[in-house]
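Trainee:
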Amino acid sequence: MNDPRYARLAELLVRHSTRVTPQDKVLIEANHVPSRMLTALVEAVSAAGGLPVVDVKEPQILRAMLLSGSLEQLEARMRFMGELELHRMEAMQAYISLRGALNITELSDVPAERMALYEKHWQKPVHLERRVKHTRWVVLRWPNPSMAQQANMSTEAFEDFYFRVCLADYAAMEKAVQPLVRRMEQADRVRILGPGTDLSFSIRGIGVVSCHGRRNIPDGECFTAPVRDSVNGTIQFNTPTVYRGIPMDNVRLVFKEGRVVEASSSDTRALEGILDSDEGARYLGEFALGFNPHIRQAMRDTLFDEKIRGSLHLALGQCYEQAENHNRSSVHWDNVLLQEGGGEVWFDGVLLRKDGVFLPEDLQGLNPEALA
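FYI, in my numbering the residues of the sequence shown are 739 to 1110.
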């Protein structure tokens, strides 16, 4: 029996997120996603007049490609594959990615120097430079027992949660976030306070982007970027994360004039390897506030965790073109700080959010009771 939520989600991704129009070429990439969902997407793209292209990828195969052969062979392979993927991406007007990998740590044993070649020749040119900047794109995870386990929920309960979160009222969210956009556009100094955290930076003159179902599903954030060299202080993240397939907890970063000068985590060696990927990896490329009312706890999945109500996140590495701070890197790694349990965000001496709750009257429409 077909789940009617598949068609609703496909319609949201095609009509709202990527806004497919006649003759648009749409690349649909997926792994471990039911054929019924891919069928629903093909039908929705076709109904909008678009031209769907489907590519099913397997993380296990990518792992084998990254581990096989010498470094010289790998670099040649990644360069060649990156050129092929880039050529295809240049033909696309829209991109939809559904990621249902059963093992989020599939790439955890790939050495850092091999992951760096993959990011340099494939991820950065194809995705960070081409897809992100030149297509209408959206990415999302697909529910499975592994994700349910991460969230400490039964599979059925997690699926219900997943569709409730993903099919949120993004039109209402788009309206409610506009006052925050204006405040971020007008702000200069930001200060973040919390347990183990006292971090300050400027966002003056940097673009601001509100996110309400256009790029990520689920969604619910508003982002900009720190002025590259303005970041000073310490931040202690309290959300588990995964990057390059490596799980990491308790990431702590100390900044001086924008650059990470001290770092520690549950796997400090791996953390240092990421920071040493290139010069830009030690600088921030994004600052965002999260406010999806349906997401309350972390599950070691960035696409969900960075939208948690009362959260904020900072990304090491590459900035987005719409929020340009001129930081360039093969890395873009979001780390999340939950503040419902305690924490403050200040803009130019004004307390904007305390313990995860927006205080100014014009921002109270972003609080959970208003958006839920």
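In this text, a Cβ means the ideal position worked out from N, Cα and C, and glycines have one as well.
Please report how far the alpha carbon of D1016 lies from the alpha carbon of S1067, in whole angstroms.
Mentor: Rounded to the nearest angstrom, the two C-alpha atoms are 6 Å apart.
Trainee: Of all the options V752, V965, G1028, G787, which has the alpha carbon lying nearest to the alpha carbon of A914?
Mentor: Closest option to A914, Cα to Cα, is G1028.
Trainee: So is S968 buried or exposed if we call it buried at 16+ other beta carbons inside 10 Å?
Mentor: Buried.
Trainee: Just to confirm my understanding: we take E767, look at its own chain, exclude 5 residues before and 5 after, and list those with CB closer than 7 Å. What are they?
Mentor: Closer than 7 Å at Cβ, skipping near neighbours: D793, K795, S835.
Trainee: With DSSP as the reference, label V771 as helix, strand or coil.
Mentor: Coil at V771, not helix or strand.
Trainee: By Cβ distance below 7 Å, which residues in the same chain neighbour P863 in space, the five residues on each side in sequence not counted?
Mentor: Correct list, in chain order: G820, L824.
Trainee: Kindly give me the distance between the Cβ atoms of F961 and V947, rounded to whole angstroms, as I take these residues to be in contact under 8 Å.
Mentor: Yes, they are in contact, since the Cβ atoms of F961 and V947 sit about 6 Å apart, within 8 Å.
Trainee: Within its chain, find whatever has a CB closer than 7 Å to the CB of R1007; leave out the 5 residues flanking it on each side and keep chain order.
Mentor: Around R1007: no qualifying Cβ.
Trainee: Could you check the C-alpha separation between R982 and A839 for me, to the nearest Å?
Mentor: Near 14 Å, if we compare the C-alpha coordinates of A839 and R982.
Trainee: Between the Cα of N970 and the Cα atoms of C949, R817, R927, which residue gives the shortest distance?
Mentor: Out of C949, R817, R927, R927 has the C-alpha closest to the C-alpha of N970.
Trainee: Rounded to the nearest angstrom, how far is the Cβ of G1080 from that of G932, given a contact under 8 Å?
Mentor: Confirmed, Cβ separation roughly 6 Å.
Trainee: Pair every Cβ in the stretch 906-924 with every Cβ in the stretch 1099-1110, then say whether three or more of these pairs are closer than 8 Å.
Mentor: Segments in contact, yes.
Trainee: A785: buried (16+ other C-beta within 10 angstroms of its C-beta) or exposed?
Mentor: Flag for A785 reads exposed.
Trainee: Assuming G788 contacts V764 (C-beta within less than 8 Å), just tell me the rounded distance between them.
Mentor: Yes, they are in contact, since the Cβ atoms of G788 and V764 sit about 5 Å apart, within 8 Å.
Trainee: Would you kindly report the start and end of the unbroken alpha helix (DSSP H) that includes S884?
Mentor: Per DSSP, S884 belongs to the alpha helix (DSSP H) from 883-888.
Trainee: When DSSP labels each residue in this structure, what does Q1035 get in the three-state scheme?
Mentor: Of the three classes helix, strand and coil, the one that applies to Q1035 here is coil, per DSSP.
Trainee: Compute the Euclidean distance between the alpha carbons of V1088 and V965, then round it to the nearest angstrom.
Mentor: When rounded, the distance between both Cα atoms is 19 Å.
Trainee: Would you identify the three-state DSSP class for Y1021, choosing helix, strand or coil?
Mentor: Three-state DSSP puts Y1021 in coil, outside helix and strand.
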